[in-house]
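Let me begin by presenting the structure, written as structure tokens, before commenting on it.
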Amino acid sequence: MSAPALPVADARSAARRSPAARPRKIKVAHPRAIAIFIVPFAVLFTLFYLIPIGYAIYQSLLVVERDGTFGKATQVFGGLTQYIAVFQNGPFWESIGRVLAFGVVQVPVMLGLALLFALLLDSPLLRGKRFFRLAFFVPYAVPGVIAAIMWGFLYSPNLSPFTALTSNVSFLSADLVLWAIANVVTWVYVGYNMLIIYSALLAIPTEIYEAARLDGAGQLRIAWSIKIPLIMPAIVLTGIFSIIGTLQLLAEPQVFRTFSSAVTSTFTPNLMVYSTSSIPNVSLAAAFSVVLALATFVLSFSFLKFTQRKEGK
Amino acid sequence: MSALTETPTATRTAKRARSNNPAPKVAKESPLSRIGAMTVMLVFTLYFLIPIWWLFIAGTKSSAQFTSTNPLWFADFNLFANIGNLVAYRDGVFLKWMLNSALYAGAGALLATLFAGMAGYALAKYRFPGRELLFNIVLGGVLVPATALALPLFLIFSQVSLTNTFWAVFLPSLVSPFGVYLTRIFAAASVPDELIEAARLDGAGEVRTFFTVSVKLMFPALVTVFLFQFVAIWNNFFLPLIMLRDETLFPVTLGLYAWNSQVNQIPELRGYVLIGALLSIIPLIILFLLLQRFWRNGLGAGSVK
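Residue numbers (the working numbering), protein chains in the order written: chain E, 281 to 593; chain F, 311 to 615.
Here it is in structure tokens:
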């Protein structure tokens, strides 16, 4: 994880600005103050970020060996044994495929809605903007677990206020439950993404629009040709966070296991990690975690590269 | 970045000026697009608020009326009786969960903000070897999702016999790489070097300058970091799920999850889950409303620049 993605641009250019070959011994002003500021965070970051990542990698390289069937179990170095097991594990790749399908549909829908609402809030077309902004953001205050419990009731064939719909369409069936969960996630996060995009819109100086308006450009044209290109960085940011969130899906499907037997213990990669670790087979679970983290990283990083290339054109 | 320091009122008046004071020849928005825009927003207002409205209504009903009356309108108002029952159930374990959540999220977010703010400030305002490396590693941390760390954290905590304790959930939540990123950018833009220099001339130490002068200038960013960390901890599920066995240590999300998974065996829990869910979202809504002025402006800081 040494190559971070999004905000790197500015760090990298800063590094370029300062000459690489600095004199070896430079006198650092205020070393004591710097230590006081940095050390608490650095220690905690090392203990609860770096060491766990290292430990997960270490653990994933171990295998359990027994002397005979009932002998004492010992952990020994097993090389990439666990990773071979990961790549041969059908349910794991099915769960990856499931969250990818989920992301391909849910992320564009959610961000499309968020963008639409942000543009409407920023246009002169609406009244009561304060109200809409708050109303759309409120679901973000509902924890994923609670949102899932709530929607679980709303989907249920006999308790729902919309029984006319839910008694005919089974949202909790094997075919639909993934999209029922997608709706819960969308419901929670649209307003949050809307606000990120909206605050990027607020930062655009209004003079930019004046010329376009004098030329007779309508709101739609201004939004499409001026606003959207200018807020692209914010949209990319929300995209990356959404991709990460999708691959990490856990709370909502875990809650839905109560409502629907179609959600199995291997439904998403993280559920897989959880159920494998409670067998317990921690080494395999650690290998799942490492592969999942790498997949997340590769995906969000290539998304960033892809969007940057498109912008560059 | 300039929009961040603007007060919301200033932004709003600027926008109003923009729409009320168009140049003479500019076409007015057609009433049709106004109606279209309002319709879209009103339909989605229903989508966002009806579930919460339903939950509130469900919370006011006795369990007999829950199934027999209109789910979206009041029957006999039993909200307070329901809350009383919930609080009394199993020696008030629900209240214990709410307090746990408040402690995990409140104290955790406060300390996380302090540490992230100090680190971000030092990264923005001091030059020292390894500064860029440190910042890049922290940025890598932004992309590591909390859930990916839960399992290895569990393994490490079990080595030192700290699983199933308060600390197992509390300590990992003190780290906010995103907070360092945000406060660094914000400090670079909003704390002038001249001001720090002036404080130095007045004889104030570096640390004191940070706490008396710089913190005030960084306040919007700090509130944003606090709020996001608070929400992240309050909503956290995986870490407590694998760390905790003792239900008196549960945060409210895990507690309600545990009840909800027993609803099929113990049907009376259904009512408690619903009223508990309602109560559990109120603190966050209040926090958002109280701090709106800050998060509205700070939120964009990460992406605007």
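Where is the CB? At the ideal position from N, CA and C, for every residue including glycine.
| Check | Outcome |
| --- | --- |
| Close Cβ partners of residue 232 of chain E (< 7 Å) along its chain, the five nearest in sequence each way excluded | The question about residue 232 of chain E has no answer here: the residues shown for chain E are numbered 281 through 593. |
| Local conformation of residue 346 of chain E per DSSP, three classes | strand |
| DSSP-derived helix/strand/coil call for residue 356 of chain E | strand |
| Best match in F/582, F/521, F/536 and F/339 for proximity to residue 398 of chain F [C-alpha to C-alpha] | F/582 |
| Interface partners of residue 424 of chain E on chain F, CB under 9 Å | 545, 547 and 563 |
| Residue 586 of chain E burial status per 10 Å Cβ neighbour count (16 or more: buried) | exposed |
| CA-to-CA distance, residue 505 of chain F to residue 526 of chain E, given in whole angstroms | 44 Å |
| Proximal residues of chain F, C-beta to C-beta of residue 400 of chain E below 8 Å | 347, 350 and 351 |
| Chain F contacts from the segment 429 to 440 of chain E (Cβ-Cβ distance under 9 Å) | 429, 430, 431, 432, 433, 434, 438, 439 and 440 |
| Backbone secondary structure at residue 511 of chain E - three-state DSSP | coil |
| Contact list for the segment 503 to 532 of chain E against chain F, Cβ threshold 7 Å | 513, 514, 517, 524, 528, 530 and 531 |
| Residue-level contact to chain F via CB, residue 499 of chain E, 8 Å cutoff | yes |
| Whether residue 379 of chain E touches residue 571 of chain E by CB criterion (8 Å) | no |
| Chain E contact for residue 582 of chain F (CB, 8 Å cutoff) | no |
| Within 8 Å, strictly: CB atoms of residue 449 of chain F and residue 577 of chain E | no |
| Chain E contact for residue 428 of chain F (CB, 8 Å cutoff) | yes |
| Counted within 10 angstroms of its Cβ, other Cβ atoms place residue 421 of chain F as buried (16 or more) or exposed | buried |
| Touch test, the segment 413 to 432 of chain F against the segment 494 to 502 of chain F, Cβ-Cβ under 8 Å, three pairs minimum | yes |
| For residue 265 of chain F, the three-state DSSP class (helix, strand or coil) | Since the first and last residues shown for chain F are 311 and 615, residue 265 of chain F lies out of range. |
| Contact the segment 538 to 554 of chain F vs the segment 510 to 529 of chain F: 3+ CB pairs below 8 Å | no |
| Contact check, residue 386 of chain E vs residue 455 of chain F, beta carbons under 8 Å | no |
| Any chain F beta carbon closer than 8 Å to residue 555 of chain E | no |
| Cβ neighbours of residue 457 of chain E in the same chain (closer than 8 Å, five flanking residues each side left out) | 451, 536, 540, 542 and 543 |
| Distance, residue 407 of chain E Cα to residue 357 of chain F Cα | 19 Å |
| Beta-carbon contacts of residue 301 of chain E that lie in its chain and below 6 Å, excluding the five residues immediately before and after | Caution is warranted here: a pLDDT of 47 is assigned to residue 301 of chain E, below 50, making its placement in the model unreliable, and no coordinate value can be reported. |
| Beta-carbon neighbours of residue 355 of chain F, restricted to chain E and to distances below 7 Å | 412 and 415 |
| Integer-rounded CB distance, given that residue 425 of chain F should sit under 8 Å from residue 320 of chain E | 5 Å |
| Simplified DSSP assignment, three categories, for residue 544 of chain E | coil |
| Alpha-carbon to alpha-carbon, residue 423 of chain E and residue 541 of chain F | 8 Å |
| Stretch-stretch touch, CB-based, cutoff 8 Å, three pairs: the segment 346 to 359 of chain E with the segment 421 to 439 of chain E | no |
| Whether residue 539 of chain F touches residue 370 of chain F by CB criterion (8 Å) | no |
| Distance between beta carbons of residue 514 of chain E and residue 484 of chain E, contact taken as under 8 Å | No, residue 484 of chain E and residue 514 of chain E are not in contact; Cβ-Cβ is about 11 Å, not under 8 Å. |
| Among E/589, E/546, E/464 and E/492, nearest to residue 624 of chain E - alpha-carbon criterion | Within the shown structure, residues of chain E are numbered from 281 to 593, placing residue 624 of chain E beyond reach of any answer. |
| N-terminal and C-terminal residue of the alpha helix (DSSP H) that residue 423 of chain F is part of | 403 to 435 |
| Among E/316, E/332 and E/580, the one whose alpha carbon lies nearest that of residue 467 of chain F | E/332 |
| Inter-residue spacing [alpha-carbon to alpha-carbon] between residue 403 of chain E and residue 499 of chain E | 7 Å |
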